[in-house]
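Novice: Here it is, the structure in full.
There are 2 protein chains.
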Amino acid sequence: MGLVNQSAAERAAEVLRCRITEGEFPPGTQLSEEGLTAALGVSRNTLREAFRLLAHDGLLVHRLHRGVFVVELDAYALVDLYRMRRLLECEVVRSLEGLDDAQLVPLRREVEAAEAAMVREDWLAVGTANMHFHQHLVALAESRRVDKVARQLLAELRLVFLVVANPRRLHVPYVERNRRLLGLLEAGKYRRAASDLEEYLRISEAQVLTAYGAAAEQRGRASG
Amino acid sequence: MGLVNQSAAERAAEVLRCRITEGEFPPGTQLSEEGLTAALGVSRNTLREAFRLLAHDGLLVHRLHRGVFVVELDAYALVDLYRMRRLLECEVVRSLEGLDDAQLVPLRREVEAAEAAMVREDWLAVGTANMHFHQHLVALAESRRVDKVARQLLAELRLVFLVVANPRRLHVPYVERNRRLLGLLEAGKYRRAASDLEEYLRISEAQVLTAYGAAAEQRGRASG
DNA sequence: GCATATTTGTCCGTATGTATA
DNA sequence: CTATACATACGGACAAATATG
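And the structure:
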């Protein structure tokens, strides 16, 4: 069975992760064991291990004797997520020094990808490129731990983005801000970049909160 | 079996976590499935789920088809751990404002516990109180995510402390620094506290690195 | 409130693949 | 290279809890 350098549980988790982040299982969905064993071609025990992995990543929540569900962040969790984002990203940028220009290449690539996606009005791709921009941003700290935490934060945030309406308003304004941020990094103005980023993230938080609250009301009216 | 509000896997993971952090299974030890199923009274599947939980917490590492081992941090991982600690703790302290005095009570308690342990020359207890001090310190940010990351960092750090010789030198100097830090927080001098803490953590990192390197050489000579 | 059906939680037996002696 | 030990994975079974009528 195990022909690759990953266990069956890890491979199953990876498949599920993709399906979840692509919106196939929207937040709140229950993932049944029996249904997915057939779909993924693994046993129940293996699937349960995959569930554990994703639950620890924050994408799933375990409710004892109820099963696993795609996580549904409430307002508090969203505020907390952005608090961590600000702490992590701003501090990474602030403590940068003597950055090599080659290190900024991935950031430039994502800004250009976002701008291209904007032209063809692919708002979801704009959001994806923006999130990749931030992933590469924290990668400048060259810390595996920082990378890992940031990846988890952005993965959860992506779930939030899936359920809000009007992705255009949610993603487009930040393309310009990312380009400006990139300019400040190129100029070596790290402190200025950090304070800019902080303002950036506060604005984003406020916008996501209102958009998410509206979406939650929509869902509330629909289901009850 | 499940008489409490936790699954068997979570309970098994909790027992293992305690045993590992108490030094019963020193870093590098392999945890055999067959041996532990009997000891914990759970099946292999349940134990494997517990392994996944602890592996994701960073206490165990999974090597495919080899089994699980208590994590053994190398020098790079230690540097990375301290990088994350500085980022998290310093930024939490720096962004404090208008702290209520009641919020400092847990910090005061841990400083006093450390001083009491120092008097009775219980160096391990000194280290434990110091670590609790830092856990309460980041708790001032009132963020579940920050708390969780800090808890993982300190749990891994504890494993490092277990294998270094001379715990007195490793823990005693920081009791005084923690008290000074507490004084700065009481006085509302958060920026000063943050920069003090940064220096603090850099000194600690250097000391742990040398002590740990020496211990690694010891182990190297013993086993090879 | 009660009985039933469904789903999760847990355990066991077994087969297969991999690493190490 | 062979053999052994062990991790990995599967499928079936029963217990326990929840949800539904």
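Note that the protein sequences, when read in sequence, are chains W and L. Going by the numbering used here, 200 is the number at position 200 of the first sequence; the sequence numbering is gapless. Going from the second sequence to the numbering used here is simple: count from 1 and add 224. Idealized CB from N, CA, C, for every residue including glycine.
1. Does R11/W get closer than 8 angstroms to chain L when you measure Cβ to Cβ?
2. Please return the same chain residues whose Cβ sits closer than 8 angstroms to the Cβ of A446/L, not counting the five positions on each side in sequence.
3. Tell me the start and end of each unbroken beta strand (DSSP E) in the region 258–328 of chain L that is at least 3 residues and wholly inside, in chain order.
4. Please compile the residues from chain L whose C-beta is within a distance smaller than 7 angstroms of the C-beta of E91/W.
5. Secondary structure at L255/L, three-state DSSP: helix, strand or coil?
6. Determine whether the beta carbon atoms of V384/L and V350/L lie at a separation below 8 angstroms.
7. Should the region 306–315 of chain L be regarded as contacting the region 367–381 of chain L, the criterion being three or more beta carbon pairs within less than 8 angstroms?
8. Would you mind giving the Cβ-Cβ distance between L386/L and G247/L, rounded to the nearest angstrom? I have them listed as a contact below 8 angstroms.
9. When the Cα atoms are used, what is the spatial distance from G252/L to R241/L?
10. Rounded C-beta distance between Y436/L and R401/L? I'm assuming under 8 angstroms.
11. Using a C-beta to C-beta distance shorter than 8 angstroms, which residues of chain L count as neighbours of M131/W?
12. Count the C-beta pairs between the region 327–344 of chain L and the region 405–419 of chain L that are closer than 8 angstroms, then say yes if the count reaches three, no if not.
13. Check whether the Cβ atoms of V303/L and G282/L lie closer than 8 angstroms to each other.
14. Taking 8 angstroms as the threshold, find out whether the region 31–46 of chain W comes into contact with the region 6–15 of chain W through three or more Cβ pairs.
15. Alpha carbon to alpha carbon, how far is R272/L from E142/W?
16. Using a threshold of 8 angstroms, state whether the C-beta atoms of R369/L and L81/W are closer than that.
17. Exposed or buried, what is Y76/W when buried is set at 16 or more other beta-carbons lying within 10 Å of its beta-carbon?
18. Where I20/W and P26/W are concerned, what is the direct C-alpha to C-alpha distance, given to the nearest angstrom?
19. Under 8 angstroms between C-beta atoms, does E429/L make it to chain W?
20. If we cut at 8 angstroms on Cβ distances, does D74/W have a partner in chain L?
21. Taking the alpha carbon of L320/L as the reference point, which residue from E257/L, H358/L, V362/L and A279/L has its own alpha carbon closest?
22. Contact criterion: CB-CB distance below 8 angstroms. Does V70/W meet it with respect to chain L?
23. Taking Cβ-Cβ distances shorter than 8 angstroms, what residues in chain L pair up with V146/W?
24. By Cβ distance, which residues of its chain are closer than 6 angstroms to G2/W, with the 5 residues on each side in sequence left out?
25. Would a check of beta-carbon distances place N228/W closer than 8 angstroms to chain L?
26. Quick one: give me the first and last residue of the alpha helix (DSSP H) that A135/W is part of.
27. Just how far apart, CA to CA, sit R416/L and V343/L?
28. Spatial neighbours of G448/L within its chain, please: CB distance less than 6 angstroms, with the 5 preceding and 5 following residues excluded, ordered by chain position.
29. Got a sec? Which residues, its chain only, sit under 7 angstroms from E422/L by beta carbon, not counting five neighbours each side?
30. Cα separation between V335/L and E10/W?
31. Taking its Cβ as the centre, do 16 or more other Cβ atoms sit within 10 Å of A50/W, making it buried, or is it exposed?
32. Enumerated in chain order, which unbroken segments of the alpha helix (DSSP H) with a length of 4 residues or greater are wholly contained in the region 149–206 of chain W?
33. Can you tell me whether L394/L is buried or exposed? The criterion is at least 16 other CB atoms within 10 Å of its CB, across all chains shown.
34. Hey, out of L54/W, R52/W, E33/W and L53/W, whose CA is closest to R44/W's CA?
35. What first and last residue would you give for the alpha helix (DSSP H) that runs through E234/L?
36. Answer yes or no: the CB of A353/L versus the heavy atoms of the ligand COA, is any distance below 7 angstroms?
Specialist: In terms of the structure at hand:
1. Reading the first sequence from its first residue, position 11 is the one you call residue 11/W. It does not: the Cβ of R11/W has no partner Cβ on chain L nearer than 8 angstroms.
2. The sequence position of residue 446/L within the second sequence is 222, counting from 1. Unreliable placement is indicated for A446/L, whose pLDDT of 49 sits below 50; the coordinate value is still reported in the next sentence. Around A446/L: no qualifying Cβ.
3. 284–287 and 291–294
4. In the first sequence, residue 91/W corresponds to position 91, counting from 1. Within chain L, the residues near E91/W are L311 and E315.
5. Numbered from 1 along the second sequence, position 31 holds the residue referred to as residue 255/L. Here L255/L sits in strand by DSSP.
6. Counting from 1 along the second sequence, the entry for residue 384/L is found at position 160. Counting from 1 along the second sequence, the entry for residue 350/L is found at position 126. A distance of 8 angstroms or more separates the beta carbons of V384/L and V350/L.
7. yes
8. As a working mapping, residue 386/L is identified with position 162 in the second sequence. As a working mapping, residue 247/L is identified with position 23 in the second sequence. Between G247/L and L386/L the Cβ distance is about 5 angstroms, and since that is below 8 angstroms, they are a contact.
9. For the purposes of this step, residue 252/L is taken as residue 28 along the second sequence, with counting starting at 1. For the purposes of this step, residue 241/L is taken as residue 17 along the second sequence, with counting starting at 1. Rounded to whole angstroms, G252/L to R241/L spans 15 angstroms at the Cα level.
10. The residue labelled residue 436/L in the question sits at position 212 within the second sequence. The residue labelled residue 401/L in the question sits at position 177 within the second sequence. So it is not a contact: roughly 20 angstroms between Cβ atoms.
11. Here residue 131/W refers to the residue found at position 131 of the first sequence. Under the 8 angstroms cutoff, chain L gives no residues; its nearest Cβ is about 18 angstroms from M131/W.
12. Touching, yes.
13. Locating residue 303/L in the second sequence gives position 79, counting from the first residue. Locating residue 282/L in the second sequence gives position 58, counting from the first residue. Contact: no.
14. Cβ pair count under 8 angstroms is three or more, so yes.
15. The sequence position of residue 272/L within the second sequence is 48, counting from 1. The sequence position of residue 142/W within the first sequence is 142, counting from 1. Computed Cα separation, rounded: 32 angstroms.
16. By one-based count along the second sequence, residue 369/L stands at place 145. By one-based count along the first sequence, residue 81/W stands at place 81. Yes; because the gap between Cβ atoms is below 8 angstroms, this pair is in contact.
17. Taking the first residue of the first sequence as 1, we reach residue 76/W at position 76. Answer is exposed; the Cβ neighbour count stays below 16.
18. On the first sequence, residue 20/W is found 20 positions in, with the first residue counted as 1. On the first sequence, residue 26/W is found 26 positions in, with the first residue counted as 1. Taking the straight line from one Cα to the other gives about 7 angstroms.
19. Here residue 429/L is taken as the residue at index 205 of the second sequence, counted from 1. For E429/L, the answer is no, since every Cβ of chain W falls outside 8 angstroms of its Cβ.
20. Position 74 of the first sequence holds residue 74/W. Closer than 8 angstroms: no.
21. Working through the second sequence from its first residue, we reach residue 320/L at position 96. Per the Cα distances, V362/L.
22. For this step, residue 70/W is matched to residue 70 along the first sequence. It does not; no Cβ of chain L falls within 8 angstroms.
23. Locating residue 146/W in the first sequence gives position 146, counting from the first residue. The CB of V146/W comes closer than 8 angstroms to the CB of R307, M308 and L311 in chain L, given here in chain order.
24. Numbered from its first residue, the first sequence carries residue 2/W at position 2. Any reading at G2/W needs caution, since the residue's pLDDT is 42, under 50, leaving its predicted position unreliable; the model's value is listed next. Once the five neighbours on either side are set aside, G2/W has no close Cβ partner at all.
25. Chain W is shown only over 1 to 224; residue 228/W falls outside these bounds and no answer can be derived.
26. As a first step, residue 135/W is located in the first sequence; it is residue number 135 there, counting from the start. Here the sequence assigns Gln to residue 135/W, which means Ala is not the residue at that position. Per DSSP, Q135/W belongs to the alpha helix (DSSP H) from W123 to A139.
27. As a first step, residue 416/L is located in the second sequence; it is residue number 192 there, counting from the start. As a first step, residue 343/L is located in the second sequence; it is residue number 119 there, counting from the start. In a straight line, the C-alpha of R416/L is about 29 angstroms away from that of V343/L.
28. Start at 1 with the first residue of the second sequence, and residue 448/L comes out as number 224. Low confidence applies to G448/L: its pLDDT is 35, below 50, so where it sits in the model is not reliable enough to give any reading.
29. Within the second sequence, numbered from 1, the residue matching residue 422/L stands at position 198. Closer than 7 angstroms at the Cβ level, and outside the excluded window around E422/L, lie R310 and C314.
30. As a working note, residue 335/L is residue 111 in the second sequence. As a working note, residue 10/W is residue 10 in the first sequence. If you take the alpha carbons of V335/L and E10/W, they lie about 43 angstroms apart.
31. Numbered from its first residue, the first sequence carries residue 50/W at position 50. With 16 or more Cβ atoms within 10 Å of its Cβ, A50/W is classed as buried.
32. Within the region 149–206 of chain W, complete alpha helix (DSSP H) segments of at least 4 residues are found at 167–186, given in chain order.
33. Counting from one through the second sequence, the residue named residue 394/L turns up at place 170. So L394/L ends up on the buried side.
34. One-based indexing of the first sequence puts residue 44/W at position 44. Closest option to R44/W, Cα to Cα, is E33/W.
35. The sequence position of residue 234/L within the second sequence is 10, counting from 1. Taken as a continuous stretch (DSSP letters only), the alpha helix (DSSP H) holding E234/L covers A232 to T245.
36. The ligand content of the structure shown is nil, which means the ligand COA is not present either.
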